[in-house]
Amino acid sequence: MNKPEYVIECEHVSKTYDDGHLQVSVLDDLNFKIGSGQSISVVGASGSGKSTLLHLLGGLDTPSSGSIRLMGRDITELSQKAIGQLRNQYLGFVYQFHHLLPEFTALENVMMPLLIGHMPKAQAEEQARAMLDKVGLKQRLAHRPGELSGGERQRAAIARALVTHPACILADEPTGNLDRKNASNVLDMMLDLQHELGTSLVVVTHDDELAVRFDEVLTVSDGKLIPFAAN
Numbered sequence: 025m026n027k028p029e030y031v032i033e034c035e036h037v038s039k040t041y042d043d044g045h046l047q048v049s050v051l052d053d054l055n056f057k058i059g060s061g062q063s064i065s066v067v068g069a070s071g072s073g074k075s076t077l078l079h080l081l082g083g084l085d086t087p088s089s090g091s092i093r094l095m096g097r098d099i100t101e102l103s104q105k106a107i108g109q110l111r112n113q114y115l116g117f118v119y120q121f122h123h124l125l126p127e128f129t130a131l132e133n134v135m136m137p138l139l140i141g142h143m144p145k146a147q148a149e150e151q152a153r154a155m156l157d158k159v160g161l162k163q164r165l166a167h168r169p170g171e172l173s174g175g176e177r178q179r180a181a182i183a184r185a186l187v188t189h190p191a192c193i194l195a196d197e198p199t200g201n202l203d204r205k206n207a208s209n210v211l212d213m214m215l216d217l218q219h220e221l222g223t224s225l226v227v228v229t230h231d232d233e234l235a236v237r238f239d240e241v242l243t244v245s246d247g248k249l250i251p252f253a254a255n
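So for the sequence shown, our numbering puts the first residue at 25; every next one is plus one.
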């Protein structure tokens with residue numbers, strides 16, 4: 025299929041949670057679009073709703089109102105099975121903690137999404153090797169997560185997210201556990217690969233210095249998305 029102009033589109037999206045007898049509004053009437061190949065960073069105070077927004081975009085949570093379209097399909101109208109299929113086909117996820125499976129090698133971890141998608145093992149291995157090479161782990165294929173440094177583990181997690189060549193990567197504080205040098209290096213790599221592969225990239229971060237390196241920076245404040253204003 026032809027890649028649409030927008031990978032994700034949000035219209036009048038709100039999210040509230042029940043807290044006893046109270047309705048707590050986290051996100052309020054959000055309207056925005058993520059263009060094909062665009063990089064966006066999302067900043068905001070702790071508890072402002074950044075991670076909630078990312079979960080909504082990825083179909084991991086459901087908005088209280090409004091619609092979210094992924095590759096043109098409104099995921100708020102789909103079954104969980106159909107959402108899962110769209111998510112596996114078009115999205116990749118990176119978290120603050122790498123979530124690599126400790127009993128498997130880096131190569132096996134990166135192959136996993138391809139095998140889940142029923143790709144033949146030989147082809148999955150070839151594709152996973154190529155992606156690990158791109159993130160600088162060509163010499164670490166047989167190493168398990170416990171044998172990798174923190175930066176290497178996060179690189180492997182990024183390779184796993186990118187190995188299916190998704191339309192969009194959603195990343196929640198992907199450099200939050202790394203020191204400044206490693207964080208900067210990992211972000212450089214993510215932006216380089218995002219550009220090379222034509223993948224959209226949405227990153228939630230608390231680090232304003234890293235955030236401003238994206239095409240667009242948005243702030244979550246009082247339930248709204250507003251343009252970032254540097255201090």
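Built from N, CA and C at the ideal position, the CB exists for glycine as well.
Any beta strand (DSSP E) of 3 or more consecutive residues that is wholly inside the segment 52–137: DSSP runs (the beta strand (DSSP E)) wholly in the segment 52–137: 63–67, 89–94, 115–118.
What does the Cβ neighbour count give for Y41, buried or exposed, with the cut at 16 atoms within 10 Å? Against the sequence shown, residue 41 aligns to sequence position 17. Under this definition Y41 is an exposed residue.
Tell me whether A180 sits in a helix, a strand or coil according to DSSP, three-state version. In the sequence shown, the residue the question calls residue 180 occupies position 156. Of the three classes helix, strand and coil, the one that applies to A180 here is helix, per DSSP.
For the alpha helix (DSSP H) containing A207, name the first residue and the last one. Residue mapping note: residue 207 aligns to position 183 of the sequence shown, counting from 1. Looking at the DSSP string, the run of the alpha helix (DSSP H) that includes A207 is 204–221.
Return the CA-CA distance between V118 and H45, expressed in angstroms with no decimal places. Here the question's residue 118 lines up with position 94 in the sequence shown. Here the question's residue 45 lines up with position 21 in the sequence shown. V118 and H45 have their alpha carbons spaced roughly 35 Å apart.
Helix, strand or coil for L234 per DSSP? As a first step, residue 234 is located in the sequence shown; it is residue number 210 there, counting from the start. Of the three classes helix, strand and coil, the one that applies to L234 here is helix, per DSSP.
Report yes or no: do three or more beta-carbon pairs, one from the segment 78–92 and one from the segment 184–198, lie closer than 8 Å? Flag = yes, the segment 78–92 and the segment 184–198 touch.
Looking only at its own chain, which residues have a Cβ that is under 6 Å from the Cβ of K57, when we skip the five neighbours before and after it? By one-based count along the sequence shown, residue 57 stands at place 33. Take K57, set aside five residues on each side of it, and the residues of its chain with a beta-carbon closer than 6 Å to its own are Y30, E33, in chain order.
Is Q178 near S63, with beta carbons less than 8 Å apart? Translated into the one-based positions of the sequence shown, residue 178 becomes position 154. Translated into the one-based positions of the sequence shown, residue 63 becomes position 39. Using a Cβ distance threshold of 8 Å, Q178 and S63 do not count as a contacting pair.
Looking at C-alpha atoms only, which residue of K74, A69, S70 is the closest neighbour of K39? To locate residue 39, count along the sequence shown from 1; it is residue 15. Of the residues K74, A69, S70, the one whose Cα lies closest to the Cα of K39 is K74.
Determine the direct distance from the alpha carbon of Q47 to that of P190, and round the result to whole angstroms. As a working mapping, residue 190 is identified with position 166 in the sequence shown. As a working mapping, residue 47 is identified with position 23 in the sequence shown. Approximately 35 Å, taken between the alpha carbons.
In whole angstroms, what separates the C-alpha of M25 from that of A130? The count along the sequence shown starts at 1 and reaches residue 25 at position 1. The count along the sequence shown starts at 1 and reaches residue 130 at position 106. Here the model assigns M25 a pLDDT of 49, short of 50, so the residue's position is not dependable, and the following value carries that caveat. M25 and A130 have their C-alpha atoms some 31 Å from each other.
Below 8 Å between beta carbons: does that hold for L172 and R153? Walking along the sequence shown from the start, residue 172 turns up at place 148. Walking along the sequence shown from the start, residue 153 turns up at place 129. Inclusion of L172 and R153 in the CB contact set at 8 Å is not warranted, their separation being larger than that value.
Those residues which DSSP pairs with L186 across a bridge: To locate residue 186, count along the sequence shown from 1; it is residue 162. Looking at the DSSP output, L186 shares a beta bridge with no other residue.
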